[in-house]
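> Questions regarding the structure given below will be posed in turn.
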Amino acid sequence: MTKALVVEDNLLNMELVLEILNAKGFAAEGAMNGEDAVNKAEQETYDLIITDIGLPGMNGIEVAKRIRGKPGYENTPVLALTAYATGGRAERERFRAEGFEDVVPKPLHVVDFMNQIEKYRK
Ligand SMILES: [Mg+2]
Numbered sequence: 000m001t002k003a004l005v006v007e008d009n010l011l012n013m014e015l016v017l018e019i020l021n022a023k024g025f026a027a028e029g030a031m032n033g034e035d036a037v038n039k040a041e042q043e044t045y046d047l048i049i050t051d052i053g054l055p056g057m058n059g060i061e062v063a064k065r066i067r068g069k070p071g072y073e074n075t076p077v078l079a080l081t082a083y084a085t086g087g088r089a090e091r092e093r094f095r096a097e098g099f100e101d102v103v104p105k106p107l108h109v110v111d112f113m114n115q116i117e118k119y120r121k
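Take the sequence shown: its position 45, counted from the start at 1, is 44 in our numbering, and no numbers get skipped.
This is the structure:
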């Protein structure tokens with residue numbers, strides 16, 4: 000099963016994202032903050048990371064950097080889950096420059112998100 004880690008400090012959003020991932024055949028787990036996410040990524044190997052950008056403490060950009068710097072995570076796709084997203088191309092490029100594979104705009108559009116994650120399932 001494709002293991003996904005979702006980093007989100009908003010519990011309702013987290014539950015929605017986890018529910019969709021699990022319904023789509025992923026084994027998804029959540030972390031409420033960056034530190035928890037980094038610890039989890041050390042104990043488990045995830046195939047996909049989805050992180051909120053606005054997090055208490057370490058932000059999502061830092062979370063992505065820290066996880067991608069770990070052995071075995073060099074090529075793991077990391078998606079930026081962000082309310083700052085407009086879904087525009089320039090923005091996608093900006094997040095790509097930070098090492099993100101793609102952007103997931105908030106509020107979450109369920110059908111778009113389902114289609115978006117399809118390609119990451121092994
Ligand atoms: Mg947040």
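Using N, Cα and C, we set each Cβ at its ideal position, and we do this for glycine too.
Since this is a predicted model, take the numbers as computed values, not measurements.
Does DSSP classify ILE49 as helix, strand or coil?
Residue state, collapsed to three classes: strand.
> Measure the C-alpha to C-alpha separation of PRO106 and VAL16 and round it to an integer number of angstroms.
C-alpha separation (whole angstroms): 11 Å.
> What did DSSP end up calling LYS2 once you bin it into helix, strand or coil?
Strand at LYS2.
> What's the C-alpha gap between MET113 and VAL102?
About 13 Å.
> When you compare only the Cα positions, how much space is there between ASN12 and ALA22?
Each residue's Cα considered, the two are about 15 Å apart.
> Comparing C-alpha positions only, which one of ALA89, ALA63, ALA26 sits nearest to THR1?
Here the closest residue by C-alpha is ALA26.
> Restricting to Cα atoms, I'd like to know which of PHE99, GLU28, GLU34, ILE116 is closest to GLU73.
Among PHE99, GLU28, GLU34, ILE116, the Cα nearest to that of GLU73 is on PHE99.
> Relative to the alpha-carbon of GLU97, which residue among GLU61, LEU47, VAL110, PRO104 has its alpha-carbon at the smallest distance?
Among GLU61, LEU47, VAL110, PRO104, the Cα nearest to that of GLU97 belongs to GLU61.
> For GLY56, which of helix, strand or coil comes out of DSSP?
Coil.
> Since THR81 contacts ILE52 with CB under 8 Å, what's their CB separation in whole angstroms?
4 Å between Cβ atoms; contact.
> If you compare alpha carbons, which of GLY56, LYS121, ILE19, GLN42 is closest to PRO76?
Cα-wise, what sits closest to PRO76 is LYS121.
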